[in-house]
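K.L.:
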Amino acid sequence: MKKVKLIALLLVAVMIFGVATACSKSNQGSDQPGAPSSDSTGGDTNQPGAPAAPPKEPITFTMFQADPGEAPPESNKIIKKIREMTGVTVEIEYLVGDMEQKVGIMIAGGDYPDLIGPGQARGQFLNAGAFVALDDLLPKYPNLWKHYEPYLDVLRSVSSDGKIYIMDIWSREYWLNDGKDTEYQAGYNGPAFWTQKDVLAWDNYSNPRQLDEYFDLLLRYYKAHPTIDGQPTLGFEIHSQDWRSFCLKNAPQHLIGGRNEGDVVVKPDLTVEIYQNKDYAKTYYKKLNEMFKQGLISPETFSRNYDEYLSVLSTGRVLGMFDQQWNFANAENVLISEGRYERTYVPVGVSLDGSPVSYNRYKSAGIVGGNGMGISVKCKDVERALEFLDFMLREDVQKLCYWGIEGEDYYVDENGRYRRTEEQRANFNNPDWVKANSGINFANLFPKIQGRYSDGNAAGAGNQPEERIEGMSEYDKEFLAKYGFSDRSEFLPLAEYAGYPEVWSIFSTMDEDNPVKAIFNDITDLQNRYLPGVIMADDFESAWNEYVKRYENVDYPMLEKEIEKEIKARYKK
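Each residue of the sequence shown is one higher than the last, beginning at 2 in this note's numbering.
1) Fully enclosed by the stretch 94 to 170, which alpha helix (DSSP H) runs are 4 residues long or longer?
2) Measure the CB-CB distance between Tyr-419 and Asn-372 and report whether it falls below 7 Å.
3) What's the call for Val-155, buried or exposed, on a 16-neighbour Cβ count within 10 Å?
4) By the three-class DSSP mapping on this structure, what secondary structure does Ser-474 have?
5) Can you check DSSP and say which residues form a bridge with Met-292?
6) Residues in the same chain with beta-carbon distance under 7 Å from Met-100, minus the five sequence neighbours each way, listed in chain order, please.
7) Output the distance between the C-alpha atoms of Ile-536 and Glu-503, rounded to the nearest integer angstrom.
8) Is Ile-170 near Asp-136, with beta carbons less than 7 Å apart?
9) Any idea what DSSP makes of Tyr-531, helix, strand or coil?
10) Go through its chain and collect everything with a Cβ distance to Ala-496's Cβ below 8 Å, but skip five positions before and after it.
11) Cα separation between Lys-268 and Glu-92?
12) Within the continuous beta strand (DSSP E) that includes Leu-235, where are the two ends?
13) At a Cβ threshold of 7 Å, is Asp-308 touching chain C?
14) Indicate the three-state DSSP secondary structure (helix, strand or coil) for Met-511 in the structure shown.
15) Measure from the alpha carbon of Tyr-342 to the alpha carbon of each residue in Asn-251, Val-200 and Val-517, then state which is nearest.
16) Considering only the alpha carbon of each residue, which of Ala-499, Glu-547, Glu-553 and Glu-542 lies closest to Asp-523?
17) Just tell me which of Trp-203, Asn-431, Leu-493 and Leu-289 has its CA closest to the CA of Gly-576.
18) Nearest-angstrom Cα distance between Glu-471 and Leu-271?
19) So the candidates are Ala-386, Leu-401, Asp-539 and Glu-415; which of them puts its Cα closest to the Cα of Pro-59?
20) Buried or exposed for Tyr-412, please, with buried defined as at least 16 other CB atoms from any protein chain shown within 10 angstroms of its CB.
21) Look up Glu-277 in the DSSP assignment and say whether it is helix, strand or coil.
22) Between Gln-197 and Tyr-403, is the Cβ-Cβ spacing less than 7 Å?
23) Is the stretch 525 to 539 touching the stretch 246 to 258 in the sense that three or more CB pairs, one from each, lie closer than 8 Å?
24) Between the Cα of Arg-421 and the Cα atoms of Tyr-285, Val-351 and Asp-410, which residue gives the shortest distance?
25) What's the call for Trp-434, buried or exposed, on a 16-neighbour Cβ count within 10 Å?
26) By the DSSP assignment, the beta strand (DSSP E) with Asp-539 in it spans what residues?
27) In angstroms with no decimal places, state the Cα-to-Cα distance between Glu-479 and Thr-284.
28) Out of Gly-321, Asn-445 and Gly-296, which has the shortest C-alpha to C-alpha gap to His-240?
29) Using a 10 Å radius around the Cβ and a threshold of 16 neighbouring Cβ atoms, would you call Trp-176 buried or exposed?
30) If you run the structure through DSSP and keep just helix, strand and coil, what is Phe-392?
31) Can you say whether Leu-153 is buried or exposed, counting buried as having 16 or more other CB atoms within 10 angstroms of its CB?
32) Would you tell me roughly how many angstroms separate the C-alpha atoms of Met-292 and Glu-262, rounded to the nearest one?
33) Does the separation of the CB atoms of Ala-202 and Asp-488 fall below 7 Å?
34) Measure the C-alpha to C-alpha separation of Ser-506 and Ala-129 and round it to an integer number of angstroms.
35) When the Cβ atoms of the stretch 213 to 222 are set against those of the stretch 298 to 311, are three or more pairs found closer than 8 Å?
36) With DSSP as the reference, label Arg-318 as helix, strand or coil.
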């Protein structure tokens, strides 16, 4: 039964994981949602309630999204309204099966859909010349131009020829008063040691910061609770399959205070080092080895595929894991739908020495480059596609997608604030209802407004402070009150932006023939192949030394040097 629920809940995606290995999408809430001109609907763009001219002749665009998912039904009330206003239908094909195989076949045959959300395959599509260059086209579309004009250099930085091919769909934030208004960043969904709330509540609402302290808590709870709801308790899960193996390998960078770079640590002077063979990584894996020997880590964790990983999390018997919340959100939604809030998770910021670390909770500096979608060279009507994307960025359309229809899905209170009734909130917590009635999942595929609308309301209920707090379960309100918090994000300190895009975004858009790409692949292969054995080894020291010895055959100093150069080229403070 839980597996059926889990599959249904795969429809509720917090973010497009083109984001990635080590990628962290916006830290805004999960339901995120220029100048006068004529677009495909007529009327002034980006103006609430803009008049709509009769749509053009109907057209259907095909789109491939290189992530698992399920397209909303054609009967979805918001998508029907968008189709009526524009004449545009988007037929979405989500990834099924192996991404490398699917993308390889598509590229080999040059058989591209009209639109592509490349996800982790962005580099392959870029190198194959799959996208239309947009440099000369974007200025013709006022909403798109307003959206991207401040970030042209970032958009161009991901391609070898310095042209714009991919339009980022996350982290373009709009704030009032030139950004001086309060940035309410709720619903952190990035990397952390995600820990079941009941574990912390059982320990008198503790908040462990140091590595040994953290695993001591898990072990004590595990021994005191050998089963949960009649099933064996799973102390600490480690997903190690496919590109999501960042759950296995990325923790050491955070344990020493780094952010979510991917496979390197960037020091304050912008010098770079890989961390997988360093002593601080050894400290982490030695601790995991100790926990494995004490039963906290099950050997089955290394053989579970992604669906199986989500399935065990959805049972509520996993106490903790290092992961990114967007990666396991669908499993957590099962628990929420069952009202098992005590079995859901908060992000604990563990470090080696116990000092506060922010992981990836930092003030956004905007789009990172390469984290979005593009128009393919086989698109049947490039201008019409851009008109549609420009239309989607209208403020009234964004409100329609992320808040819904006024009077049906939300109401406006006496202060002009967008609110939802208890029934309306329940609807948006129901994935089946969202699939049939909300534009969130559809709009998440395209460029979007984040932050605030021009009237001061948040671009989605998840970041409307009073609405998010009002919509919490009583359990969560009481749990957070014990810490003096109003949101789970506050378990991590808010840091300043580092001044350059996360390194994973640099890796992901490198030319496939760049020798650094091969070095990166070698390092990834070493980690995925050897680290599970290191964690389960009877003789940890021998297993670790054998693993580290493998790095002697990898020219990782070349990788470090190249990434350092790329970071300095993008650095802005």
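For each residue, glycine too, the CB sits at the ideal point set by N, CA and C.
As the structure is a prediction and not an experimental result, all values here were calculated from the model.
P.N.:
Short version:
1) Those alpha helix (DSSP H) runs which fall completely within the stretch 94 to 170 and span 4+ residues are 100 to 110, 123 to 128, 143 to 149 and 153 to 157.
2) Against the sequence shown, residue 419 aligns to sequence position 418. Against the sequence shown, residue 372 aligns to sequence position 371. Note that the C-beta distance between Tyr-419 and Asn-372 is not below 7 Å.
3) One-based indexing of the sequence shown puts residue 155 at position 154. With 16 or more Cβ atoms within 10 Å of its Cβ, Val-155 is classed as buried.
4) Your numbering for residue 474 matches position 473 in the sequence shown. In this structure, Ser-474 counts as coil in the three-state DSSP scheme.
5) As a first step, residue 292 must be located in the sequence shown, where it is residue number 291. Partner residues in a beta bridge of Met-292, as assigned by DSSP, do not exist.
6) Taking the sequence shown and counting its residues from 1, the one referred to as residue 100 is at position 99. Its chain contains Ala-67, Gln-121 and Ala-122 as the residues whose beta carbon lies nearer than 7 Å to that of Met-100, once the 5 sequence neighbours on both sides are disregarded; these appear in chain order.
7) Here residue 536 corresponds to residue number 535 of the sequence shown, with the count starting at 1. Here residue 503 corresponds to residue number 502 of the sequence shown, with the count starting at 1. Going by the C-alpha atoms only, they are around 28 Å apart.
8) Here the question's residue 170 lines up with position 169 in the sequence shown. Here the question's residue 136 lines up with position 135 in the sequence shown. Against a cut-off of 7 Å, the Cβ pair of Asp-136 and Ile-170 comes out as no contact.
9) Here residue 531 refers to the residue found at position 530 of the sequence shown. In the three-state reduction of the DSSP assignment, Tyr-531 falls in the helix class, which pools H, G and I.
10) Here residue 496 refers to the residue found at position 495 of the sequence shown. Closer than 8 Å at the Cβ level, and outside the excluded window around Ala-496, lie Arg-260, Ser-359, Arg-362, Tyr-363 and Lys-364.
11) Here residue 268 corresponds to residue number 267 of the sequence shown, with the count starting at 1. Here residue 92 corresponds to residue number 91 of the sequence shown, with the count starting at 1. About 45 Å.
12) Taking the first residue of the sequence shown as position 1, residue 235 is located at position 234. From DSSP, the beta strand (DSSP E) with Leu-235 extends over 235 to 238.
13) Annotation note: the requested chain C is absent from the structure, which comprises a single protein chain.
14) As a position in the sequence shown, residue 511 is number 510, starting the count at 1. In the displayed model, Met-511 falls within coil according to three-state DSSP, outside both helix and strand.
15) By one-based count along the sequence shown, residue 342 stands at place 341. Ranking the options by Cα distance to Tyr-342, first place goes to Val-200.
16) Here the question's residue 523 lines up with position 522 in the sequence shown. Across the set Ala-499, Glu-547, Glu-553 and Glu-542, the C-alpha of Glu-553 shows the shortest separation from the C-alpha of Asp-523.
17) The first residue shown for the chain is 2 and the last is 574, placing residue 576 beyond what the model contains.
18) Locating residue 471 in the sequence shown gives position 470, counting from the first residue. Locating residue 271 in the sequence shown gives position 270, counting from the first residue. So the alpha carbons of these two residues sit roughly 43 Å apart.
19) Taking the sequence shown and counting its residues from 1, the one referred to as residue 59 is at position 58. The shortest C-alpha separation from Pro-59 is found at Ala-386.
20) Position 411 of the sequence shown, counted from the start, is the residue given in the question as residue 412. When all chains shown are included, Tyr-412 counts as exposed.
21) Reading the sequence shown from its first residue, position 276 is the one you call residue 277. According to the sequence displayed, residue 277 carries Gln and not Glu. Note: Gln-277 maps to coil in three-state DSSP.
22) Taking the first residue of the sequence shown as position 1, residue 197 is located at position 196. Taking the first residue of the sequence shown as position 1, residue 403 is located at position 402. Going by C-beta atoms, Gln-197 is not nearer than 7 Å to Tyr-403.
23) Segment contact: the stretch 246 to 258 against the stretch 525 to 539, three or more CB-CB distances shorter than 8 Å; contact assigned.
24) The residue you call residue 421 lines up with position 420 of the sequence shown. Of the listed residues, the one whose Cα sits closest to Arg-421 is Asp-410.
25) Your numbering for residue 434 matches position 433 in the sequence shown. By the 10 Å Cβ count, Trp-434 comes out exposed.
26) Position 538 of the sequence shown, counted from the first residue, corresponds to residue 539. Boundaries for Asp-539: no beta strand (DSSP E) harbours it, and the DSSP string shows neither H nor E there.
27) On the sequence shown, residue 479 is found 478 positions in, with the first residue counted as 1. On the sequence shown, residue 284 is found 283 positions in, with the first residue counted as 1. In a straight line, the C-alpha of Glu-479 is about 36 Å away from that of Thr-284.
28) Against the sequence shown, residue 240 aligns to sequence position 239. The residue with the shortest Cα to Cα distance from His-240 is Gly-321.
29) To locate residue 176, count along the sequence shown from 1; it is residue 175. Around the C-beta of Trp-176, fewer than 16 other C-beta atoms lie within 10 Å, and the residue is accordingly described as exposed.
30) As a first step, residue 392 is located in the sequence shown; it is residue number 391 there, counting from the start. Assignment of Phe-392 by DSSP, reduced to helix, strand and coil, places it in the helix class.
31) On the sequence shown, residue 153 is found 152 positions in, with the first residue counted as 1. It counts as exposed.
32) The count along the sequence shown starts at 1 and reaches residue 292 at position 291. The count along the sequence shown starts at 1 and reaches residue 262 at position 261. Counting only the Cα atoms, Glu-262 lies some 26 Å from Met-292.
33) Sequence index remark: in the sequence shown, residue 202 carries index 201 (1-based). Sequence index remark: in the sequence shown, residue 488 carries index 487 (1-based). If you check the CB distance, Ala-202 and Asp-488 do not come in under 7 Å.
34) If you number the sequence shown from 1, residue 506 lands on position 505. If you number the sequence shown from 1, residue 129 lands on position 128. If you take the alpha carbons of Ser-506 and Ala-129, they lie about 18 Å apart.
35) Proximity of the stretch 213 to 222 to the stretch 298 to 311 falls short of the contact definition, fewer than three beta-carbon pairs being nearer than 8 Å.
36) Your numbering for residue 318 matches position 317 in the sequence shown. It is coil, neither helix nor strand.
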